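In what follows, a structure is listed as structure tokens, so that the remarks can point back to it.
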Amino acid sequence: MKKILAVVLSLVCFSAYAAGGPKQIGISQIVAHPALDAVQKGIIDGVEKCGLKNGKDVVFDVQLANGNMVTAGQIADKFIGAKKDVVVGIATPTALALASAYMKNSPKTPVIFSAVTDPVGAKLVKDIKKPGGNITGVSDMLPIDTQFQLIYDMGLKPKAVGIIYNAGEQNSRSQLDLTKKAAAARKVKLVERAIASSADVAAATNGLMGQVDAIFITTDNTVVSALESVFKVANANKVPVFMSDTDSVKRGALAARGFDYYKHGLQTGAMVCRVLKGAKPADTPVEFQHDLQLVINAKTAALIGFKVPAVMLKNADEVIK
């Protein structure tokens, strides 16, 4: 009798995930760079933090599109063929590729996006509070005006600021528009350089030299993936580079007021977990991250002969020495 009762209790306690095998989660990432890599790690850790063990309750299939939209489409098709239980697109291009493929071929499968600046403008969702359909996620909509102000808080009074962006990416265009407004509000000239691929970044940076007093880079995935090209040219010409993500400061930018993208991933992972446990994307509002960190690279400041105001060093969340 005791043995039968033990078996019954075991069956009652047996995880629904284990009963049907581990849930399959597909993650499609547009390109590899520290900020998006941090998002990816955060997603995986976030799912585990909610009680679903990697390898037992869930299995992750992480695919990299290497900045290629054709590859992003192929990854989406692969996930559909593998019958993933939920798929995640890191950054707008891969999120769009997943949304398009799943809308046509597997409309009931949840699609979650992460690190997407303008989900409504990208037509991933119709409404932030009521996404509808089977798509929702976490947006990294940036407070561009606050980030652009950092240039001035660091003691600069620029006549012109340069920006490099991928004209073919919705995220980049949305952030460019916000940057234009920030520059116009301060009556500073914004010198734009549009690129089509990471191979164009070095030439675009060279084209800014002699015309700008500083460079401001948003979370443009194409540019961020080739930041070393920006730093090499800018540092040689003693032009400070300001970023929208803190991971890029560790790579050599002068400073940034930005998000912790690992935390952004954790927030996305928690949403993925809720969806796996029954939450409907249509009824799950798009979430945002609001906490900004100030990170300053003292090594870069010394390299380009830039004197960082003492108050900024004191208030920084991290100073890289």
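The sequence shown begins at 1466 in my numbering and counts up by one. Glycine included, C-beta positions come from ideal geometry on N, C-alpha and C. Predicted model, so just to flag it, every value in this text is computed and none were measured.
Answer yes or no: do residue i and residue j have a C-beta to C-beta separation smaller than 8 angstroms?
{"i": "residue 1652", "j": "residue 1625", "result": "no"}
{"i": "residue 1637", "j": "residue 1631", "result": "yes"}
{"i": "residue 1574", "j": "residue 1551", "result": "yes"}
{"i": "residue 1564", "j": "residue 1542", "result": "no"}
{"i": "residue 1525", "j": "residue 1531", "result": "no"}
{"i": "residue 1570", "j": "residue 1545", "result": "yes"}
{"i": "residue 1609", "j": "residue 1629", "result": "no"}
{"i": "residue 1740", "j": "residue 1704", "result": "no"}
{"i": "residue 1753", "j": "residue 1604", "result": "yes"}
{"i": "residue 1672", "j": "residue 1658", "result": "yes"}
{"i": "residue 1613", "j": "residue 1668", "result": "no"}
{"i": "residue 1709", "j": "residue 1691", "result": "no"}
{"i": "residue 1598", "j": "residue 1635", "result": "no"}
{"i": "residue 1593", "j": "residue 1751", "result": "yes"}
{"i": "residue 1683", "j": "residue 1644", "result": "yes"}
Out of curiosity, what's the CA-to-CA distance linking residue i and residue j?
{"i": "residue 1548", "j": "residue 1489", "result": "8 angstroms"}
{"i": "residue 1713", "j": "residue 1755", "result": "19 angstroms"}
{"i": "residue 1800", "j": "residue 1700", "result": "The shown model of the chain, from 1466 to 1786, leaves out residue 1800, and the question about it has no answer."}
{"i": "residue 1456", "j": "residue 1572", "result": "The structure shown does not extend to residue 1456, since the chain is modelled only from 1466 to 1786, so the question has no answer here."}
{"i": "residue 1523", "j": "residue 1707", "result": "39 angstroms"}
{"i": "residue 1747", "j": "residue 1576", "result": "10 angstroms"}
{"i": "residue 1582", "j": "residue 1503", "result": "16 angstroms"}
{"i": "residue 1721", "j": "residue 1618", "result": "11 angstroms"}
{"i": "residue 1693", "j": "residue 1580", "result": "22 angstroms"}
{"i": "residue 1782", "j": "residue 1697", "result": "26 angstroms"}
{"i": "residue 1528", "j": "residue 1689", "result": "19 angstroms"}
{"i": "residue 1633", "j": "residue 1718", "result": "24 angstroms"}
{"i": "residue 1534", "j": "residue 1558", "result": "7 angstroms"}
{"i": "residue 1775", "j": "residue 1702", "result": "24 angstroms"}
{"i": "residue 1562", "j": "residue 1728", "result": "24 angstroms"}
{"i": "residue 1738", "j": "residue 1514", "result": "9 angstroms"}
{"i": "residue 1773", "j": "residue 1623", "result": "15 angstroms"}
{"i": "residue 1506", "j": "residue 1584", "result": "22 angstroms"}
{"i": "residue 1486", "j": "residue 1768", "result": "54 angstroms"}
{"i": "residue 1726", "j": "residue 1501", "result": "7 angstroms"}
{"i": "residue 1649", "j": "residue 1743", "result": "46 angstroms"}
{"i": "residue 1499", "j": "residue 1711", "result": "10 angstroms"}
{"i": "residue 1770", "j": "residue 1779", "result": "19 angstroms"}
{"i": "residue 1695", "j": "residue 1615", "result": "19 angstroms"}
{"i": "residue 1620", "j": "residue 1679", "result": "12 angstroms"}
Put residue i into one of helix, strand or coil per three-state DSSP.
{"i": "residue 1526", "result": "strand"}
{"i": "residue 1783", "result": "strand"}
{"i": "residue 1694", "result": "helix"}
{"i": "residue 1489", "result": "strand"}
{"i": "residue 1686", "result": "helix"}
{"i": "residue 1769", "result": "helix"}
{"i": "residue 1475", "result": "A caution first: residue 1475 carries a pLDDT of 32, below 50, which makes its placement in the model unreliable, though a value can still be read off. Of the three classes helix, strand and coil, the one that applies to residue 1475 here is helix, per DSSP."}
{"i": "residue 1519", "result": "strand"}
{"i": "residue 1713", "result": "helix"}
{"i": "residue 1719", "result": "coil"}
{"i": "residue 1759", "result": "strand"}
{"i": "residue 1503", "result": "helix"}
{"i": "residue 1494", "result": "strand"}
{"i": "residue 1706", "result": "strand"}
{"i": "residue 1751", "result": "coil"}
{"i": "residue 1585", "result": "coil"}
{"i": "residue 1699", "result": "helix"}
{"i": "residue 1679", "result": "strand"}
{"i": "residue 1537", "result": "helix"}
{"i": "residue 1816", "result": "The question about residue 1816 has no answer here: the residues shown for the chain are numbered 1466 through 1786."}
{"i": "residue 1744", "result": "coil"}
Touching or not, the segment 1732-1744 and the segment 1501-1510, by the rule of three or more beta carbon pairs under 8 angstroms?
yes
Between the segment 1760-1778 and the segment 1529-1545, do three or more beta carbon pairs fall short of 8 angstroms?
no
Give the list of continuous alpha helix (DSSP H) stretches no shorter than 4 residues that lie fully inside the segment 1589-1675.
1609-1618, 1635-1650 and 1666-1673
Where in the segment 1551-1576 do unbroken runs of the beta strand (DSSP E), each at least 3 residues long, occur, reported from the N-terminal end onward?
1551-1555
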